[in-house]
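Enquirer: My questions will all concern the structure given below.
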Amino acid sequence: MSSAPLDTLRLAAENLKRKPARTAALVAVAFILGFALFAGAVLVSGLQTGLAAMSRRFGADLMVVPAKQADKARAILLRGEPGFFYFDGGVIRDIEALEGVQAASAQYFLTSLTAECCDAPVQLIAFDPDTDFAVRPWIGQALGGGGGIADGGMVVGSRVDVRPNGTILMFNREYPVSAKLSPTSSGFDTSIFMTRGTMDILKANIHEAGYRLLQDGEPASSVSAILVRLRSGANAQVVASQIRRLDAEVDVIVSESILSAVSEALGGFTAYIKAVIAVVLALAVVVLAACFGGSVNERKREFAVLRLLGATRGRLASLVLAESSIAALAGGAAGVALAALAVFPFSTAIGAALALPYASLGAGLIAALVAGSLALSFAAGAAAAAFSAFRIGSTETYFTMRADG
Amino acid sequence: MRNRVLTGVSVIVLGLLVSIGPQSLFKVCGPVAAHDGAGPSWMKCHWTGQAEIGAGALVAALGVLLLVSASVGARLALSAAVGLAAILVLALPHGLIGGCGMATMPCRSVAFPALTVLAVLLLALAGGNILFLRLTGGRHE
């Protein structure tokens, strides 16, 4: 026989072991609570982090694209769906001359072939290194404060794999990768960036390899998009209208509108998750309280005997609280573990299914969310048992024994 | 007996999921048309899926042996083998063979995460069974 002293925690653990069905029910409720709390918190934090990363990377206030191509351009920006379109880039000089415009820079789009590089077509984006203000700052950051990239080198998004020799394969030829960008939760993560000079080298190599491009007939002045940065205080909608008046063949995407639409969709979804968490939390407290209420009623005689053996009312109350806390913590920890197994490996699929910017979380934030979820599960268990503990503390042993005959 | 049935059946089910999942439930990527006109070609993840058929069948076979073995020593050894096979299930997509070159592809976003979850469950099951058998010596079945 064990000689360990029968303290409150040990007695609570023995009580839980003695009633496996009741304990399983309590742990199951806490499990559902832990799962909902942690999975919900990770989803909400991932979406908020994703939106923040996306907002930081939208370096341009306006994006000028060919008429009727705005939806395609949004798909490239938000989801990285490969695409290309062209218009005459001569309009850039008129755009630069507008009063509210601080800078403008052209980009040129191309898509890779399916069965190379990344096993799927990817968006190739060429920028003008002399005028670019949207891509180079991030490349500089990825290169550790260095300048830009030289002609011939490429920079890949965070979700594009680089070959072990530090290159990517494009149209049967290897190109060195200068840097890999940090995640942005946008289409940039599956894009490959290069200077316009590199794009010209790439096109020449494609022709040399015997391939022909749909873009071959395009004049040299063609561009896919003109990114515009506005002066402080300039109204984006007003400047967008001015650009549309300059050239009827272009459309203008306002970054603010894209971000506010994403933010609105994200706000609705996170509010829904928070509501579900609140309902699960309230239900868990009610169910746990009902479980403990019923169990305390059944165990009146047991508590009366413990009182007769010298246990104080406080000791009995702490016994009930300890039982609830152990069950809540065990169930909560199992729920958090399973939620982690369900949410973290599938983060890319979750982001794609939600069609919202979703970013992976840092270790510090994950640790904080684990601690918060466990603390809330623990608190729910304690809160649910508090009323029962109070009732035990306020019942006279004599009356309990007499009532039970 | 209860422990034998529970662990044996669980390992068999998980093994079958590893084996048939990448071909049906959580498919790896399909063939793509080669740009040189040489006909469709398979991507790397297809071969990971093929290898997982064998790895999953091995796990399921170990589950059958767990189900029929009465000896505690044999079940300890079989549980360790399940753990090692789970590491193989995990290593095939995450190093030994690998998958497509972009994280958004179906193999990388769904099939490999599902295989990771199955491998973690197998490891937990094997570890839990070893712990249970070591602590109880198979007495409380």
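Chains as they are written, first to last, in our numbering: chain H, 1 to 405; chain Z, 406 to 546.
Cβ coordinates follow ideal geometry from the N, Cα and C atoms, glycine included.
Here the structure is a predicted model, which means the values were calculated and not measured.
1. Looking at Phe344 (chain H) and Arg229 (chain H), is the spacing between their C-beta atoms short of 8 angstroms?
2. Pairing CB atoms from the stretch 274-291 of chain H with CB atoms from the stretch 85-100 of chain H, are three or more of them under 8 angstroms?
3. Taking buried to mean at least 16 other C-beta atoms within 10 Å of its own C-beta, is Met194 (chain H) buried or exposed?
4. Threshold first: 3 residues or longer. Then list the beta strand (DSSP E) segments lying entirely within the stretch 3-75 of chain H, N to C.
5. If we define contact as Cβ-Cβ less than 8 angstroms, is Pro518 (chain Z) a contact residue for chain H?
6. Note down, in chain order, every chain Z residue with its Cβ under 8 angstroms from the Cβ of Val122 (chain H).
7. Note down, in chain order, every chain Z residue with its Cβ under 9 angstroms from the Cβ of Val160 (chain H).
8. Is Glu35 (chain H) close to chain Z? Criterion is C-beta to C-beta, closer than 8 angstroms.
9. Considering only the alpha carbon of each residue, which of H:Asp151, H:Asp130, H:Val155 and H:Arg173 lies closest to Ala142 (chain H)?
10. In whole angstroms, give me the CA-to-CA distance for Ala460 (chain Z) and Ala375 (chain H).
11. Between the Cα of Val91 (chain H) and those of H:Ala248, H:Leu78, H:Ala355 and H:Phe84, spot the shortest distance and give me the residue it belongs to.
12. Could you spell out the range, first to last residue, of the beta strand (DSSP E) harbouring Ile125 (chain H)?
13. Assuming Arg245 (chain H) contacts Gln102 (chain H) (C-beta within less than 8 angstroms), just tell me the rounded distance between them.
14. Should Phe127 (chain H) and Val250 (chain H) be called a contact, given that it needs their Cβ atoms to be closer than 8 angstroms?
15. Which residue comes first and which comes last in the beta strand (DSSP E) that contains Tyr435 (chain H)?
16. Give the DSSP-derived three-state secondary structure of Gly405 (chain H) in the structure shown.
17. Are Ser185 (chain H) and Met54 (chain H) close, meaning C-beta to C-beta below 8 angstroms?
18. Can the beta-carbon of Ala60 (chain H) be found less than 8 angstroms from the beta-carbon of Ile326 (chain H)?
19. Have a look at Asn205 (chain H) and Arg173 (chain H) and give me their C-alpha separation to the nearest angstrom.
20. Whether or not the stretch 347-358 of chain H and the stretch 534-541 of chain Z are in contact is what I'm after, with contact meaning three or more pairs of Cβ atoms, one per stretch, closer than 8 angstroms; do they touch?
21. Pull up the distance between the alpha-carbon of Ser158 (chain H) and that of Phe390 (chain H), whole angstroms please.
22. By DSSP's criteria, Ile326 (chain H) is part of a beta bridge. Which residues make up the other side?
23. For a test of the three-state rule: what should DSSP assign to Ala236 (chain H), helix, strand or coil?
24. Is there a Cβ from chain Z that is less than 8 angstroms from the Cβ of Pro164 (chain H)?
25. Between Ala75 (chain H) and Gly187 (chain H), what straight-line distance do the alpha-carbon atoms span, to the nearest angstrom?
26. Could one say the Cβ of Ser514 (chain Z) lies closer than 8 angstroms to chain H's Cβ atoms, at least one of them?
27. Three or more beta-carbon pairs under 8 angstroms between the stretch 329-344 of chain H and the stretch 300-310 of chain H, yes or no?
28. Is the stretch 453-471 of chain Z close to the stretch 494-508 of chain Z, with three or more CB pairs under 8 angstroms?
29. Suppose you measure from the CA of Asn15 (chain H) to the CA of Gly50 (chain H); what does that come to, to the nearest Å?
30. Report yes or no: do three or more beta-carbon pairs, one from the stretch 39-48 of chain H and one from the stretch 265-272 of chain H, lie closer than 8 angstroms?
31. Can you tell me whether DSSP reads Met1 (chain H) as helix, strand or coil?
32. Of all Cβ atoms in chain H, is any one closer than 8 angstroms to the Cβ of Val525 (chain Z)?
33. Taking the straight line between their C-alpha atoms, what separation do you get for Arg163 (chain H) and Met507 (chain Z)?
34. To the nearest whole angstrom, what separates the beta carbons of Phe38 (chain H) and Ser224 (chain H), a pair I think is in contact under 8 angstroms?
35. Would you say Met448 (chain Z) lies against chain H (beta-carbon separation less than 8 angstroms)?
36. Under the DSSP definition of a beta bridge, which residues are partnered with Lys180 (chain H)?
Expert: For this structure:
1. Cβ atoms of Arg229 (chain H) and Phe344 (chain H): not closer than 8 angstroms.
2. They do not touch, by the three-pair rule.
3. So Met194 (chain H) counts as buried.
4. Listed in chain order, they are 62-66.
5. Chain H, which has a Cβ nearer than 8 angstroms to the Cβ of Pro518 (chain Z), makes this yes.
6. Here the neighbours are Met507.
7. Correct list: Gly506, Met507 and Ala508.
8. Residue identity differs from the one stated: residue 35 (chain H) is Phe in this sequence, not Glu. So, not an interface residue.
9. Ranking H:Asp151, H:Asp130, H:Val155 and H:Arg173 by Cα distance to Ala142 (chain H) puts H:Val155 first.
10. Taken atom to atom, the span from the alpha-carbon of Ala460 (chain Z) to that of Ala375 (chain H) is near 40 angstroms.
11. Of the listed residues, the one whose Cα sits closest to Val91 (chain H) is H:Ala248.
12. For Ile125 (chain H), the enclosing beta strand (DSSP E) covers residues Gln123 to Phe127.
13. Not quite, the Cβ-Cβ distance comes to about 20 angstroms (not below 8 angstroms), so this is no contact.
14. For Phe127 (chain H) and Val250 (chain H), no; Cβs fall outside 8 angstroms.
15. Since the displayed chain H opens at 1 and closes at 405, residue 435 (chain H) lies outside it and no answer follows.
16. At Gly405 (chain H) the pLDDT is 49, less than 50, meaning the model places this residue with poor confidence and gives no usable figure here.
17. Yes, the pair counts as a contact, with Cβ atoms nearer than the cut-off.
18. For Ala60 (chain H) and Ile326 (chain H), no; Cβs fall outside 8 angstroms.
19. So the two alpha carbons sit approximately 8 angstroms from each other.
20. Segments in contact, no.
21. If you take the alpha carbons of Ser158 (chain H) and Phe390 (chain H), they lie about 56 angstroms apart.
22. Within the DSSP bridge table, the entry for Ile326 (chain H) names no partner.
23. Of the three classes helix, strand and coil, the one that applies to Ala236 (chain H) here is helix, per DSSP.
24. With respect to chain Z, the C-beta atom of Pro164 (chain H) has no partner C-beta closer than 8 angstroms.
25. Take the alpha-carbon of Ala75 (chain H) and the one of Gly187 (chain H): they are about 8 angstroms apart.
26. Yes, Ser514 (chain Z) counts as interfacial toward chain H.
27. Per the Cβ contact rule, the stretch 329-344 of chain H is not in contact with the stretch 300-310 of chain H (fewer than 3 Cβ pairs under 8 angstroms).
28. Segments in contact, yes.
29. Distance between the alpha carbons of Asn15 (chain H) and Gly50 (chain H) is about 46 angstroms.
30. When Cβ pairs closer than 8 angstroms are counted between the two stretches, the stretch 39-48 of chain H is seen to touch the stretch 265-272 of chain H, the count reaching three or more.
31. Only weak support exists for where Met1 (chain H) lies, its pLDDT of 46 falling under 50; the value from the coordinates is given anyway. Here Met1 (chain H) sits in coil by DSSP.
32. So yes, Val525 (chain Z) belongs to the interface.
33. One C-alpha to the other measures close to 12 angstroms.
34. Going by Cβ atoms, the distance from Phe38 (chain H) to Ser224 (chain H) rounds to 43 angstroms, so no, they are not a contact pair.
35. Answer yes: the Cβ-Cβ gap between Met448 (chain Z) and chain H drops below 8 angstroms somewhere.
36. Note: Lys180 (chain H) sits in a beta bridge opposite H:Val156.
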